[in-house]
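Asker: Sharing a structure, written as structure tokens. Questions coming.
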Amino acid sequence: MNKRGLESSLTELYGVVYGGAVADRLSFAHELAHCYGRELLADEVIAAQLKLTLQRARLLEQQMTVMEMGKTCSACAVRPDGGCCSYYMTNENDGLQLFMNILAGLEVSVVRDDGVECSFLGSRGCILLLKPLFCLNYNCAEIKQVSAPADLGRLEQKTGDLLRAQVVLEQLLIAFLQRQS
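Take 90 as the starting number for the sequence shown in this note's numbering and just add one per residue.
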């Protein structure tokens with residue numbers, strides 16, 4: 090393929106993965122899982138990176154549990170002004186990030202479509218294990234106020250570890266998809 094053709098196919102791929110409606114991105118993620126899921130899970134490099142990424146996600150979850158962030162965020166979410174998981178956050182989810190969750194074995198679907206809260210916000214919190222950058226990186230004033238500085242430092246370290254792992258996994262998936270076109 091010549092450079093112009095490659096640029097065109099990359100632009101098209103990026104448009105589907107990162108643009109358009111979330112329903113289209115989710116449909117694309119399910120289509121990828123159907124077409125390539127087994128092959129990707131059999132790939133030693135991708136499988137190892139997925140395993141590392143999931144380990145990092147679980148370590149972050151453990152830190153969030155230690156900090157009782159579920160309790161803090163739930164108390165905020167029921168207030169009239171709501172919490173951080175607004176409908177706007179739905180659009181932070183890209184097709185590859187949704188696909189990574191499917192590869193991780195999660196049942197990924199739109200949980201709600203009320204135009205108020207994030208479409209992936211279930212009754213016990215986010216249904217996604219691998220989340221968008223903003224969802225992982227943002228710590229509101231309430232979290233900062235009720236958390237010990239050492240806990241916040243550990244939270245930021247574990248968040249950074251997970252984000253780096255997710256980026257590597259995403260790069261591997263993009264390279265794989267480029268080879269398919």
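We put the CB at the ideal spot given by N, CA and C, even for glycine.
Kindly list the residues whose CB is nearer than 8 Å to the CB of A122, restricted to its own chain and excluding five residues on each side of it in sequence; keep chain order.
Answerer: Answer for A122: F188, I191 and L192, listed in chain order.
Asker: Secondary structure at H123, three-state DSSP: helix, strand or coil?
Answerer: Here H123 sits in helix by DSSP.
Asker: Check G211 in the structure and name its three-state DSSP category.
Answerer: It is a strand residue.
Asker: If C207 sits next to S175, beta carbons under 8 Å apart, how far is it from one beta carbon to the other, in whole angstroms?
Answerer: At roughly 7 Å, the Cβ-Cβ gap stays under 8 Å, so C207 and S175 are in contact.
Asker: Specify whether the region 218-237 and the region 247-267 touch according to this definition: at least 3 beta carbon pairs, one from each stretch, less than 8 Å apart.
Answerer: Enough Cβ pairs lie closer than 8 Å, so yes.
Asker: Taking only three categories from DSSP, how would you classify E206?
Answerer: Strand at E206.
Asker: Can you name the residues that DSSP bridges to S175?
Answerer: Paired residue(s): E206.
Asker: Have a look at R268 and C165 and give me their C-alpha separation to the nearest angstrom.
Answerer: Distance between the alpha carbons of R268 and C165 is about 45 Å.
Asker: Measure the CB-CB distance between L148 and K220 and report whether it falls below 8 Å.
Answerer: Not in contact: L148 and K220 (Cβ atoms no closer than 8 Å).
Asker: Would you decide whether T100 is buried or exposed? Buried here means 16 or more other CB atoms lie within 10 Å of its CB.
Answerer: Counting Cβ neighbours within 10 Å, T100 comes out exposed, since fewer than 16 surround it.
Asker: Specify the secondary structure class of G160 as computed by DSSP and reduced to three states.
Answerer: First, the amino acid is wrong: residue 160 is Lys here, not Gly. Looking at K160 - three-state DSSP - the assignment turns out to be helix.
Asker: Using DSSP with H/G/I as helix, E/B as strand and the rest coil, what is R145?
Answerer: Helix.
Asker: Mapping the DSSP letters down to three states, classify V111 as helix, strand or coil.
Answerer: In this structure, V111 counts as helix in the three-state DSSP scheme.
Asker: With 16 other CB atoms within 10 Å as the buried threshold, where does L210 fall?
Answerer: So L210 ends up on the buried side.
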